[in-house]
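S.K.: Convert by adding 1 to the 1-based position in the sequence shown; the result is the number in the working numbering.
Note that the Cβ used here is the ideal one computed from N, Cα and C, for glycine as well.
Fair warning: this is a prediction, and the values are worked out from it, not measured in the lab.
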Amino acid sequence: MDQRDEVRDFLASRRARLSPTDVGLPAGTGRRRVVGLRRDEVAVLAGVSSEYYARLERGNLAGVSDSVLDALADALRLDEAEQRHLRNLAQAANQPARKRRSPAKPSPVHESLRRVLDGMTMVPAYLRDSRMDMLAANALARELHAPVFRYAEHTGTAPNTARFAFLDPSGRDFYPDWETVSRGCVAVLHATAGLNPYDKALSDLVGELSTRSEAFRTLWATHDVRVHRTGLKRLRHPAVGILELDYDVMELVQEPGVLLIAYSAAPGTPAADCLELLAALAATHRAEAFGPSV
2 MDQRDEVRDF LASRRARLSP TDVGLPAGTG RRRVVGLRRD EVAVLAGVSS
52 EYYARLERGN LAGVSDSVLD ALADALRLDE AEQRHLRNLA QAANQPARKR
102 RSPAKPSPVH ESLRRVLDGM TMVPAYLRDS RMDMLAANAL ARELHAPVFR
152 YAEHTGTAPN TARFAFLDPS GRDFYPDWET VSRGCVAVLH ATAGLNPYDK
202 ALSDLVGELS TRSEAFRTLW ATHDVRVHRT GLKRLRHPAV GILELDYDVM
252 ELVQEPGVLL IAYSAAPGTP AADCLELLAA LAATHRAEAF GPSV
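1. For Glu252, which three-state DSSP category applies?
2. Since Pro148 and Ser183 should fall inside the 8 Å C-beta cutoff, what is the C-beta to C-beta distance between them, to a whole number of angstroms?
3. Take the Cβ of Leu233 as the centre, count every other Cβ of all protein chains shown within 10 Å, and call the residue buried at 16 or more, exposed below.
4. Assuming Thr181 is part of the alpha helix (DSSP H), what are its boundary residues?
5. From which residue to which residue does the beta strand (DSSP E) around Ser265 run?
6. Work out the CA separation of Asp41 and Leu246 for me, nearest whole Å.
7. Pick out whichever of Ile243, Leu38, Arg9 has its Cα sitting closest to the Cα of Arg56.
8. Which stretch, first to last residue, makes up the alpha helix (DSSP H) that contains Leu87?
9. Name the residue from Arg173, Gly269, Asp23, Ser214 whose alpha carbon lies nearest to the alpha carbon of Leu79.
10. Can you name, in chain order, every residue of its own chain whose Cβ lies under 8 Å from the Cβ of Ser211, other than the five neighbours on each side?
11. Assuming contact is defined by CB atoms lying nearer than 9 Å, are Tyr127 and Met135 in contact in what I supplied?
12. Return helix, strand or coil for Asp134, following the three-state DSSP convention.
13. Since Tyr127 is in the beta strand (DSSP E), which residue starts that stretch and which ends it?
14. In the structure shown, what three-state DSSP assignment does Leu19 receive?
15. So for His238, helix, strand or coil by DSSP?
16. In this structure, what does DSSP give as the bridge partners for Thr231?
17. Measuring straight from C-alpha to C-alpha, what distance separates Glu58 and Ala290?
18. Roughly how many angstroms separate the alpha carbons of Val65 and Glu180, rounded to a whole number?
19. For the region 191–205 against the region 86–93, are there 3 or more C-beta pairs whose distance is under 8 Å?
20. With distances taken from CA atoms, which of Gln4, Ala74, Asn61 is nearest Arg15?
21. In three-state DSSP terms, what is Leu244?
22. Check each candidate in Arg235, Ile243, Phe11 and name the one with the smallest Cα separation from Leu62.
23. Have a look at Asp200 and Glu7 and give me their C-alpha separation to the nearest angstrom.
24. Nearest-angstrom Cα distance between Glu154 and Pro160?
25. Can you grab the Cα-Cα spacing for the pair Leu168 / Ser214, in whole Å?
26. I need the straight-line Cα distance from Gln96 to Tyr176, nearest angstrom please.
27. Measure the alpha-carbon distance for Asn139 versus Ala91 and round it to whole angstroms.
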């Protein structure tokens with residue numbers, strides 16, 4: 002992943018989605034030669050010269066000020082995730098070359114944190130890094146995501162929700178709302194690329210998915226970014242059918258870039274009943290693997 006290409010394509014894609022009337026400019030007459038806003042129109046809206054904005058859209062964010070970034074965000078109508086992405090791209094552009102190294106591999110999950118996960122017996126919970134690798138999961142989360150872990154074991158790779166969604170044919174069955182899930186996966190990886198453009202492991206994953214999945218290549222070209230916090234997700238488990246679960250995402254202060262993701266269901270709902278069945282199934286599988294507890 003080339004950082005300057007990412008800057009260029011991100012700004013161009015945000016410009017292309019806006020029309021003059023979206024930002025209060027006259028629509029004009031005749032056929033426009035570009036999709037969306039022209040560069041000079043963005044420059045006017047941001048209060049910079051056309052030459053300066055053209056330099057920025059060529060991928061050169063070196064030395065750009067916070068006030069210019071704010072003006073660009075306003076001009077391009079960027080949402081919170083997009084604003085953060087733009088600032089991450091600018092930070093990477095201004096980082097000294099000697100510091101442009103791939104981030105260190107995450108440290109092993111602390112034992113106390115594993116105990117916290119395991120103690121959440123009726124709540125599927127797992128840890129996920131910014132590349133969407135599942136670093137650790139409690140028994141119920143492993144049971145809930147059994148197809149993801151099965152694919153990882155079969156391919157000899159780390160459990161990774163993006164790799165599973167795009168490369169395993171069963172991903173479209175496991176995620177009934179596959180289009181939404183796949184877009185979310187790509188948006189998260191794009192945001193990560195802006196934060197860590199020199200992450201080799203991330204580049205390798207994006208390269209793998211781009212090579213093997215046309216759907217991924219198409220979505221990657223949109224340059225959408227997203228921040229996950231909370232929402233509703235539907236999963237189709239091979240043993241209990243479709244579950245509609247709320248999810249909450251929590252950042253770990255002690256492990257930057259690592260998220261704790263927990264699923265839950267309101268009491269008395271079909272999803273809550275399914276979670277109870279999965280908990281019993283997880284206990285059965287554990288007893289078969291390790292023998293009954295004494």
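M.R.: Well, looking at it:
1. In the structure shown, Glu252 adopts extended strand secondary structure according to DSSP, grouped into three states.
2. Not quite, the Cβ-Cβ distance comes to about 15 Å (not below 8 Å), so this is no contact.
3. By the neighbour-count rule (16 or more Cβ atoms within 10 Å), Leu233 is not buried but exposed.
4. Secondary structure note for Thr181: its alpha helix (DSSP H) is the uninterrupted segment 179–196.
5. Bounds of the beta strand (DSSP E) holding Ser265 are 260–265.
6. Computed Cα separation, rounded: 46 Å.
7. Answer by Cα proximity: Arg9.
8. Counting along the chain, the alpha helix (DSSP H) containing Leu87 begins and ends at 81–94.
9. Measuring from the Cα of Leu79, the nearest candidate turns out to be Asp23.
10. If the five residues before and after Ser211 are omitted, its C-beta is found closer than 8 Å to the C-beta atoms of Phe217, Arg218, Trp221, all from its own chain and listed in chain order.
11. Pairing Tyr127 with Met135 gives a Cβ-Cβ distance under 9 Å.
12. Note: Asp134 maps to strand in three-state DSSP.
13. Looking at the DSSP string, the run of the beta strand (DSSP E) that includes Tyr127 is 126–129.
14. The answer is coil: DSSP assigns Leu19 none of H, G, I, E or B.
15. DSSP places His238 in the strand class (E or B) of the three-state scheme.
16. Answer is Asp249, bridged to Thr231.
17. Whole-angstrom Cα-Cα distance: 56 Å.
18. Whole-angstrom Cα-Cα distance: 36 Å.
19. Taking a cut-off of 8 Å for Cβ pairs, the region 191–205 and the region 86–93 touch, as three or more such pairs fall below it.
20. Nearest option by C-alpha distance: Ala74.
21. Three-state result, Leu244: strand.
22. Answer by Cα proximity: Phe11.
23. Rounded to whole angstroms, the separation of the alpha carbons of Glu7 and Asp200 is 14 Å.
24. For Glu154 and Pro160, the distance between alpha carbons rounds to 8 Å.
25. Leu168 and Ser214 have their C-alpha atoms spaced approximately 7 Å apart.
26. Here the alpha carbon of Gln96 sits roughly 39 Å from the alpha carbon of Tyr176.
27. One Cα belongs to Asn139, the other to Ala91, and the distance between them is close to 38 Å.
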